Amino acid sequence: MKQYLDLMRHIRDTGVRKEDRTGTGTMSVFGYQMRFPLEEGFPLVTTKKVHLKSIIHELLWFIQGDTNIRYLVQNGVNIWNDWPFQSWLRETGQDQDFPMYTPEWREQKKLFVERVKVDEPFAAQYGELGPVYGHQWRNFEGVDQLAQL
1 MKQYLDLMRH IRDTGVRKED RTGTGTMSVF GYQMRFPLEE GFPLVTTKKV HLKSIIHELL
61 WFIQGDTNIR YLVQNGVNIW NDWPFQSWLR ETGQDQDFPM YTPEWREQKK LFVERVKVDE
121 PFAAQYGELG PVYGHQWRNF EGVDQLAQL
């Protein structure tokens, strides 16, 4: 925990402010490293709430090699939703109707996520993320990196 808190102080004191897609902005530093000997335990941040259920479902999703958000949204994990939603808006010609992060965009995204959750053919067509982490773990240039664990 000390390393994490030291990093937070370092970012606060020396970080560079950057604008982001949400308009809230971020502070960042380049190249900061932390090392955690796992034999001493798992380095879970305890200074903020961590949604363990989401972490577990996302990890199971990665291990399966899945690339579709349907399993995630069915289990209340919503951190991957923006990308397929934005792709769906573009593919259906609606991206100009719903500027990103407006209240209308957020409402339309809720409807999209609900449809992914309940409509399997829709999810198969529009819930795909492409070769994200789980796919890469299970098929990195033909190598299943988890097969021998």
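Note that the sequence shown covers residues 1 to 149 in this note's numbering. Backbone N, C-alpha and C define an ideal beta-carbon position, used for all residues, glycine too. Nothing here was measured: the structure is a model prediction, and the numbers come from that model.
Which two residues bound the contiguous beta strand (DSSP E) that contains residue i?
i	result
Val16	16-18
Met27	26-28
Indicate the three-state DSSP secondary structure (helix, strand or coil) for residue i in the structure shown.
i	result
Glu58	helix
Phe85	helix
Val143	strand
Asp97	coil
Trp105	helix
Phe42	coil
Val77	coil
If you check the beta carbons only, do residue i and residue j fall under 8 Å apart?
i	j	result
Thr67	Pro121	no
Leu129	Ile69	yes
Val45	Asn78	no
Tyr101	Val116	no
Trp61	Tyr71	yes
Gly76	Lys110	no
Ends of the alpha helix (DSSP H) at residue i?
i	result
Gln74	70-74
Gln125	120-126
Gly134	133-138
Tell me which residues share the same chain as residue i and place their Cβ nearer than 8 Å to its Cβ, disregarding the 5 neighbours each side in the sequence.
i	result
Asp20	Thr26
Glu91	Tyr126
Arg12	Met27
Using a Cβ-Cβ cutoff of less than 7 Å, which residues in the same chain neighbour residue i once the five nearest sequence positions on both sides are dropped?
i	result
Gly65	Gly134, His135, Trp137, Arg138, Asn139
Ala123	Asn68, Arg70, Val116
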